[in-house]
Structure formats: structure tokens, C-alpha cells
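Visitor: Pasting a structure below so you can have a look.
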Amino acid sequence: MKVATWNVNSLTARWPRVQEWIHRHEPDVLLLQETKQSDDKFPFAALTEMGYEAAHFGQGQWNGVAILSRVGLSDVHHGLEGDIEARFIGATCNGLRVYSCYVPNGRALNDPHYDYKLRWLEALRIVLSGRDRAQPVMVGGDFNVALSDFDVYDPTAFEGTTHVSVAERDALAALLATDLVDLGRYFHADEPNYTWWDYRNGAFRRGWGLRIDYLLCDGATAARVSDAYVDRDERKGEKPSDHAPVVTEFSW
DNA sequence: ATGTCCCAACTTTTGGGA
């Protein structure tokens, strides 16, 4: 099984690259974030022709999450308790429970959106804490949190900002504490393995990245994983997303 | 160290969000 997660920063703008990426990588399951589409704009028909079933939870201009699968798609649920935005969708694909997550950005430590982010992460923790531990699970997405300073190109540049605060890191660590493995870090402990680079300031060229996109899974599934890597090349070229896909492969 | 991209709209330029 090959599962990937990718914040595409508008599926409308990214559709040519997403199609090309799917043809090249042939993922069994692809988790998308920031589709920025309403459900009626989502390319269900084109995906069917490509061999993928899809579930989309969209709201239009902002947010939007999806799950694409060529190995079956059932038991779709979307939304977190108390949340009105399109940031969370789950489905079962070939016995694997998968979730596509787009965690709120937070904007600034003194912004109401920051409190919303922390509440959102706690609502996700409750869902993951209460899950059926007998079922294999893969949680992927844009978490908008760099777990440690090693996940940040220049920690001093981020002092006093979101993505690196103690409360955010504690909230992400609390997700992992529901017995989930951070696959990207587990398989690449010695490389930063950034997943996002700002469009501005030539950040990609300068190596100014953050690791804020994750694939998390239960321990039994992690034991079957051969690798989890960032497809850094996808950040290059014409009209890239500001995020690179994170990809994992495991026996199934 | 704020150099871009994407979206919507009272749309051909501006403002909000990331």
C-alpha cells in the first residue's frame, strides 16, 4: 500500500500537477488538504476515469479536505465536533482507517484563531483517543505545527510566532501519545525533512522550510512500513504548491 | 525577514489568508 498526503493549496490551481503526480506515483490512497473547492467543483468524474473513488468535504473559498482511493472507500465521515469549517474527513480504504486533516493556521499567538487551533487539535485528540485500537489507522495532513526545533530551519526566526509554541507542540505530542508513530521522523531521524516552504523570499531555494505535514499511524502498521519520505521535487517547477507531498509505503 | 500565490468581488485592482 502506498499512502500519501499533500496540501495542494487549491485543487483548481493545482489540478494539472495533481493529475500528473497521481499518474507518476500511483498512490493507493491520497489525502488532500486545502482543495479550496465546493463539492460541486471537485473533479469526481475525472478521478473515476483515473481509477479513484473520492470523498470530498469542501466549503468553497477556503479549506477543503479529500480522500482519494483506488482500493475501496467506505464509512466516510467528515467534520470534528463543534467545528464549522471543512478541515477533517475520514474513510476506510481496504481495511485501513484514514483521516485527512487540515489544522487551523493560528495566525498569531494573540489571535482568536490560535485558540481555535488549540481547541481543534484537542477535538482531534479526543477522536483519535477514542478510536478502535484494533483497526489499523493512518492520520495525515497539514498540522501547521513543527514538532521540535529540528523541524524548523531557523528556530530563532520563529520566536513568538505560531507553529512552534509550547502549547501547539504539546497538542501535537498529545496526538502521538494516543499510540501513533510520526512516520516521517521515524524513517528520517537525521534529516530535517521539511514539507513546506514559503512562496516568498526565495524560501525554497534557500532551504528555509518547516516540517508541518505528517503521516501518523498505529504501531502495528508502522512495523510494516518500509519508508516515509517527502517528495521534495514536487516543490520545484511551474506553479507548485507551497507544500510537498509526504509518501509512505507498507506491506498490506 | 516579508521578495508570492490563490481566492473573491460592487472584478481589470484590492484585500484577506496562508
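Every letter in the first sequence is one number past the one before it in this note's numbering, and letter 244, counting from 1, is 469.
C-beta atoms are modelled at their ideal positions from N, C-alpha and C, and glycine is treated no differently.
Since this is a predicted model, take the numbers as computed values, not measurements.
(1) To the nearest angstrom, report how far apart V406 and V323 are at their CA atoms.
(2) Taking DSSP as the reference, what is the three-state secondary structure of E278?
(3) Counting along the chain, where does the alpha helix (DSSP H) carrying F267 start and finish?
(4) Which partner residues of Q284 appear in the DSSP bridge assignment?
(5) Do three or more CB pairs link the segment 271-286 to the segment 302-314 at distances below 8 Å?
(6) Would you report the Cα separation of T389 and G297, rounded to the nearest angstrom?
(7) Can we say the segment 227-244 touches the segment 373-388, given the rule of at least three CB pairs closer than 8 Å?
(8) Which of the three DSSP states, helix, strand or coil, is assigned to G536?
(9) Whole angstroms are fine: how far does the CA of R449 sit from the CA of C442?
(10) Once the 5 residues before and after A398 are set aside, which same chain residues still bring their CB inside 8 Å of it?
(11) For the alpha helix (DSSP H) that S514 lies in, which residues bound it at each end?
(12) Hey, how far is the Cα of G315 from the Cα of R358?
(13) Given this structure, state the Cα-to-Cα distance separating T260 from A453, to the nearest angstrom.
(14) For A469 and D423, what's the separation of their Cα atoms in angstroms?
(15) Beta-carbon within less than 7 Å of R460's beta-carbon, same chain only, minus the 5 sequence neighbours each way: which residues are those?
(16) Note down, in chain order, each residue of its chain lying with its Cβ closer than 6 Å to the Cβ of T446, except the 5 sequence neighbours on either side.
Guide: By the coordinates alone:
(1) 14 Å
(2) strand
(3) No residue range can be given for F267, since it is assigned to no alpha helix (DSSP H) and is classified by DSSP as neither H nor E.
(4) Paired residues: none, contrary to the question.
(5) Result yes; three or more Cβ-Cβ pairs closer than 8 Å.
(6) Thr is not the amino acid found at residue 389; the sequence shown has Val there. V389 and G297 have their C-alpha atoms some 37 Å from each other.
(7) The segment 227-244 and the segment 373-388 do not touch, with fewer than 3 CB-CB distances between them shorter than 8 Å.
(8) Beyond the ends of the chain as shown, which are 226 and 477, falls residue 536; an answer cannot be given.
(9) Rounded to whole angstroms, C442 and R449 show a C-alpha spacing of 11 Å.
(10) L372
(11) The requested residue 514 does not occur in the structure, where the chain is confined to residues 226 to 477.
(12) 16 Å
(13) Spanning the two alpha carbons is a distance of roughly 23 Å.
(14) When rounded, the distance between both Cα atoms is 11 Å.
(15) W422, F429, A469
(16) The beta carbon of T446 sits closer than 6 Å to those of P361, all from its chain and outside the five residues before and after it, given in chain order.
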